[in-house]
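Take a look at the structure set out below.
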Amino acid sequence: MSDRSAGLAPSRVTAVLGPTNTGKTHLAVERMLGHASGMIGLPLRLLAREIYERIVKQRGAAAVALITGEEKIVPPRPHYFVCTVEAMPLERTVDFLAVDEIQLAADPARRLAMAEAARSLALPDAAGHVADAVQEVAR
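Position one of the sequence shown corresponds to residue 425 (this note's numbering), numbered consecutively onward.
Here it is as structure tokens:
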């Protein structure tokens, strides 16, 4: 996760680690909704759809976009983007960015999308640091 202050470089990057079903994704969504704008990249289309529907109930359909390889629901001025990692519109500037299941960067088929998401954090060599961390966790 990354907290951004009004379009500036990230003020903080936080890794949330833990076993399955311990609320890491829920925490990321709640943190995102605490910001004026945000984007979360998720590993699965159905999970993205579920999170999108939850945010629509809380904030309304005009406030949230859903972008996956199969679906694209983008209102005129969304505040939040819920996407599969491969479909994240990284050219957008948001106050908060989260990438769920970043360890999937260890999978060669998904590595490029994860590296691009890390680069969007605007940190020097972010993709390299993420790759190193993923390799360490995978050991």
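We put the beta carbon where it would ideally sit given N, CA and C, even for glycine.
With the cut-off set at 8 Å, would you say residue i and residue j are in Cβ contact?
i	j	result
residue 440	residue 475	no
residue 533	residue 456	no
Quick one: Cα of residue i to Cα of residue j, how far?
i	j	result
residue 520	residue 438	11 Å
residue 518	residue 463	7 Å
residue 503	residue 496	15 Å
residue 445	residue 500	34 Å
residue 514	residue 482	24 Å
residue 487	residue 527	29 Å
Under 8 Å Cβ to Cβ from residue i, same chain only, skipping five residues before and after it: list those, please.
i	result
residue 466	449, 472, 475, 506, 507, 508, 509, 524, 525
residue 469	492, 493, 494, 495, 508
Can a CB atom of chain C be found closer than 8 Å to the CB of residue i?
i	result
residue 525	Looking for chain C here will not work: only one protein chain is present.
By Cβ distance below 7 Å, which residues in the same chain neighbour residue i in space, the five residues on each side in sequence not counted?
i	result
residue 442	448
residue 459	519, 520
Cutting at 6 Å between CB atoms, please list the residues of its own chain near residue i, excluding the five before and the five after it.
i	result
residue 461	503, 518, 519
Is there contact here, the stretch 481-495 with the stretch 505-518, by at least three beta-carbon pairs under 8 Å? yes
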